[in-house]
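Residue numbers (UniProt numbering), protein chains in the order written: chain A, 1 to 218; chain B, 1 to 973.
Cβ atoms here follow ideal geometry from the backbone N, Cα and C, with glycine treated the same way.
These numbers were taken from a predicted model, which means no experiment stands behind them.
Quick notes on the structure that follows.
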């Protein structure tokens, strides 16, 4: 384990855990594949359990590594979902713009996150499958309004044609970065807000400039 | 006759008995007895008897009696007679005599007594001058015999002669009347009487009498003469044609009366006369030939001879003369080059010269002989047998003495040459069809004798060659095995090579025979063999010396090698080939050999190629005889099949099977602890993309015995495909063997071979799976770190001296989750599996491959489960665990083996139980009780086993068990 840590430790300044949620079939796995590997798989099956992917993006002059959890939409066990949200600093609430039911579920998902996740978590409403304009069932405006009411970021994406996928992640990670870097001074409180054993919030400081940051944190 | 004779000889009182007979006959001997008696009477006696009484006359007149005589002469035909009967019946019907007439005729045909013609006939008979003469002639001997008190039949020859001489004058008189044949003979001449004969029921006596009347004078004249030159026939007939004709007629007539005591003697006399005449005619003919008077004397005497006894003797004369004039005693050695090869060009030119000479001769024959005689055929046949058959046989002898292969090559070539020769002789005109086909059959007949020997030789030579090849291969590899180590190529690029190779193999096959026929069987060996013999020295040194030498010293007997050979090594090999291949086929073979040489200890593609080539040459040679109809064609066909069968048997049974056995032996001897994979440290592991299973980096890890085995399967598959191509191209496309004929030995033995291959593959795979799984278990144990799924808690890690760079302060915010990729061991295991699962792609049947992959998958699943049960998982480590399980799942789903995905999906779901926080122990219990989550892959007991591997198990156990089994607190306390 230590070996691996050593190899990875130099790659990034921050590590953020971001969770993808939303109804089954809205395209969570595909948007993740598009973001992490720039792939799109037409006949993907529903995800079992959880899958992980990472990608490092540059925000300001920092390397931010996003560790994205692609969860199964149909997971109903609270014990497991809470494990998903544990330590997450951002969540993409995804719906399918051609499927109004999936949009309606957003409220439910939001509630789940508010219950189980860190209160400072950054939420983003993502309307996926924007390429299927002719089948649209959820107007952009409505979703936008809903997002602003609930203080969510909002974007419409298409994993198929890659529209806005990178932008969505870039946006949420920037928001997270800003929110948490602003909180760095309050890290003690932040620490306490973490789940009991506190090992999963992923704000890692690069070893090089750790000396100064360290003192800040403690 | 003999019975009657015997009886009368015994009876001393001969005249008395005769008197008695006549008296009794006159008085009314029963007709039945008379009818029996007449059967044994010679013709003159019959005539005499006819005069005894009306009744005797009736008996003698019975048609059957005469039909028998005519039959003896061989001119009576029942078919003709029946036809005649039909015609006359119809005519009678028209004449409205109706049934009565028919009945009458039928009746007459049996008895002929009441025939209306009888009286006329009888009158004719009586009035005919010959008959009168006969009657007197007959009377006299009777008188003599009576007076001499001796049996008529026991008249001594001189006596008889004397008596006949006494008739001479009468005969002369009679002959003078021949000058006016019409007056003498009603409707026929002695020359034509036989050819004018008609078979007709009811008129046999009349017809016979016609012949008798015409020929008897000449016959009895001839048989009684001493000086045959004085014979009446030669005096009466002057033209040789007529003489021949009458002699012929007499020879037929001579067999009419087989009752007569002197019958045989007479016959012999007639044939002596004929012989004399014939030799005289032949002399004339020869004279004519010498004078080249073809259209005159020759033709005339030819016709004479033909009319006498067919064309045999004069064609013989022609042939003998021809052979004498043209001396064709050739030295068979002359047709062989100094190297001992049969020189077919010389042979061809000799044959064409010969053919033109024969052509000239047969033109003469055509002119001289009448067309119906087929003199040409007989002549050519004779000459062929005399000259060519001898020559060709001695050529075979010489070839055999020199070299058996040379004989095998010579045999069909002479046949081709002779076919050409015959072709030259054949006429273009359609009317000579019979002639042409007969000519064709001359050669075939000749070859029918020797083809058996040839085919046997062909087969035995092939077998011997093939066995020898296999044996020497085995010896060679046995030596190599002990001395050198082998390289084993990775399998990745092999597929396209195989396709290329097979393509060219097929292409070369399609080429005409002429190309390859020039090369003897043995030349096939010369160029590619270099590769197999020289490879040990040429092998590039292995890169990671330490491991290799170590394993070498441990396991020299298995020829341990290492894997992941640098490609460049083969390029240097290529430069060392001194004998450049001469054909595309061989070039391809050499390239292929280079690529596959690592496994030449087990199967040799080159050996297979050589054998197939030899078989092909054999079949090509035999093929020439296939088009021949009848026995030769059938035998040739059979032998083609037999050669194929023995090819498959030797290649399959003696080579491939042995190779498989060796490979299996190696697989069995393989122990995971003895040998090791390539050092993992130095190798930069390629990133394996689980979705498509492609390995982006060249270096691969393979288990040596399994890799060998996979190569073996590849080669086996190649050999099988080569055999298949061979089978299709050579046997089925030429209609030698029907692909669908399940009784055909070739089809059966091919099927057997394929079956054997499949069985070998299956056995090897089953052992291979074991070995591979052992290796995977070994890797799990040795490579997996216990901290992989159970990272040390933050606080402890700070204290660890081994990671000084990790400051607890720096990483205090849950660093462990930063690594979500699969662990090294997962990558290695998956790569190992992936390589081996793909080893066999394309080289064996899809079904076999599926079974192999599925079996591997299931075993892999079991292995993972077993492995997980030995580890401890923490909530933090669960992410790594899930990553690994996802990695396995993706790899498996990339195989597209549907039955496997549920297992690995179940594993994925299982991974989740470690993700749940210890505080949620109650929820954990609920989740564990929900069996549907794991897709029915795991038993509850198993799930329980797995959950025990949680690092915090002691803490959560109580809660979990309470939920799972409904235990109350008190129960546990």
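Reduced DSSP secondary structure (H/G/I, E/B, other) of residue 965 of chain B: Helix.
Residue interval of the alpha helix (DSSP H) (run including residue 424 of chain B): Segment 404-425, the alpha helix (DSSP H) holding residue 424 of chain B.
Cross-chain neighbours of residue 51 of chain A in chain B, by beta carbon under 7 Å: Per Cβ cutoff of 7 Å: 886.
Taking 8 Å as the CB-CB limit, is residue 692 of chain B close to chain A? Residue placement at residue 692 of chain B is flagged as unreliable, the pLDDT there being 38, under the threshold of 50; a coordinate-derived value is accordingly withheld.
Stretch pair the stretch 161-170 of chain A + the stretch 121-132 of chain A: three plus CB contacts closer than 8 Å: The stretch 161-170 of chain A is in contact with the stretch 121-132 of chain A.
Against chain A, which members of the stretch 901-927 of chain B pass a CB distance test of less than 7 Å? When CB distances to chain A are screened at a threshold of 7 Å, the residues of the stretch 901-927 of chain B falling below it are 905, 908, 909, 911, 912, 915, 916, 917, 919, 920, 923, 924 and 927, in chain order.
If you run the structure through DSSP and keep just helix, strand and coil, what is residue 238 of chain B? Residue 238 of chain B sits in coil when the DSSP states are folded into three classes, being neither helix nor strand.
Rounded separation between residue 367 of chain B and residue 298 of chain B - CA only: Using only the alpha carbons, I get a separation of about 10 Å.
With residue 125 of chain A and residue 106 of chain A assumed to form a contact (beta carbons below 8 Å), what rounded beta-carbon distance in angstroms separates them? By a beta-carbon distance limit of 8 Å, residue 125 of chain A contacts residue 106 of chain A. Their separation comes to about 7 Å.
Identify each residue in the stretch 861-883 of chain B for which the Cβ-Cβ distance to at least one residue of chain A is less than 9 Å, and report them in chain order. Considering only beta carbons, the part of the stretch 861-883 of chain B lying closer than 9 Å to chain A consists of 875, 876, 877, 878, 879, 880, 882 and 883, in chain order.
In DSSP terms, what residue 15 of chain A is bridged to: Beta-bridge pairing links residue 15 of chain A to A:65.
Nearest CA to the CA of residue 341 of chain B: which residue from B:459, B:396, B:660 and B:351? Taking only the C-alpha atoms, the option nearest residue 341 of chain B is B:396.
Mind checking whether residue 625 of chain B and residue 636 of chain B have CB atoms under 8 Å apart? Contact flag set, yes.
According to DSSP, is residue 158 of chain A part of a helix, a strand, or is it coil? For residue 158 of chain A, the secondary structure class from DSSP, reduced to helix, strand or coil, is strand.
So which residues on chain B does residue 59 of chain A lean against when the C-beta distance must stay under 7 Å? Under the 7 Å cutoff, chain B gives no residues; its nearest Cβ is about 17 Å from residue 59 of chain A.
Where do the ends of the alpha helix (DSSP H) carrying residue 273 of chain B lie? Where residue 273 of chain B is concerned, the enclosing alpha helix (DSSP H) stretches over 263-290.
So is residue 84 of chain A buried or exposed if we call it buried at 16+ other beta carbons inside 10 Å? Answer is buried; the Cβ neighbour count reaches 16.
For my contact list, residue 419 of chain B and residue 458 of chain B are in at a C-beta cut-off of 8 Å; report their separation, rounded to the angstrom. Actually they are not in contact, since the Cβ atoms of residue 419 of chain B and residue 458 of chain B sit about 19 Å apart, beyond 8 Å.
Can you name the start and end residues of the alpha helix (DSSP H) that residue 661 of chain B belongs to? Start and end: 657-669.
Given that a residue counts as buried once 16 or more other Cβ atoms are within 10 Å of its Cβ, and exposed if not, what is residue 152 of chain B? Because the pLDDT at residue 152 of chain B is just 36, under 50, the model does not fix this residue reliably, and the point stays unresolved.
Counting Cβ pairs, one atom from each stretch, are 3 or more of them under 8 Å apart for the stretch 27-36 of chain A and the stretch 64-79 of chain A? These segments touch.
By alpha-carbon positions, which one of A:169, A:35 and A:157 ends up nearest to residue 98 of chain A? Of the listed residues, the one whose Cα sits closest to residue 98 of chain A is A:157.
Neighbouring residues, chain B, relative to residue 78 of chain A (Cβ below 9 Å): Near residue 78 of chain A (Cβ distances below 9 Å), the residues of chain B are 920 and 923.
For a cutoff of 8 Å on Cβ pairs, would you count residue 44 of chain A as touching chain B? Any Cβ of chain B closer than 8 Å to the Cβ of residue 44 of chain A would place that residue at the interface, and such an atom is absent.
Three-state secondary structure (DSSP) at residue 174 of chain B? Low confidence applies here, because residue 174 of chain B scores a pLDDT of 46, under 50, leaving its location unreliable and the question unanswered by this model.
Outcome for residue 580 of chain B when other beta-carbon atoms lying within 10 angstroms are tallied against a minimum of 16: The pLDDT assigned to residue 580 of chain B is 46, lower than 50, so where the model puts this residue is not dependable, and the model offers no usable value.
Quick check on DSSP: helix, strand or coil for residue 200 of chain B? In the structure shown, residue 200 of chain B adopts coil according to DSSP, grouped into three states.
Limits of the unbroken alpha helix (DSSP H) element including residue 98 of chain A: Unbroken run through residue 98 of chain A: none, as it is neither H nor E.
Can you pull the chain B neighbours of residue 159 of chain A, defined as C-beta to C-beta under 8 Å? Those do not exist, as residue 159 of chain A stays about 16 Å from chain B at its closest Cβ, beyond 8 Å.
Using DSSP bridges, identify the partner residues of residue 92 of chain A. According to the DSSP secondary-structure assignment, residue 92 of chain A is paired through a beta bridge with A:20 and A:124.
How is residue 58 of chain A classed by DSSP in three states: helix, strand or coil? In this structure, residue 58 of chain A counts as strand in the three-state DSSP scheme.
What does DSSP give as the partner residue(s) for residue 873 of chain B in the beta ladder? As a beta-bridge residue in DSSP terms, residue 873 of chain B pairs with B:950.
What ranges does the alpha helix (DSSP H) occupy inside the stretch 19-51 of chain A, keeping only unbroken runs of at least 4 residues that lie completely in it? The qualifying runs are 28-37.
Using the DSSP secondary-structure output, state which residues sit across from residue 336 of chain B in a beta bridge. According to DSSP, residue 336 of chain B bridges with B:342.
Residues in its own chain within less than 7 Å of residue 49 of chain A by CB, not counting five upstream and five downstream? Excluding positions up to five away in sequence, the list reads 72.
For residue 153 of chain A: DSSP bridge partner residues: DSSP output for residue 153 of chain A lists A:124 as bridge partner(s).
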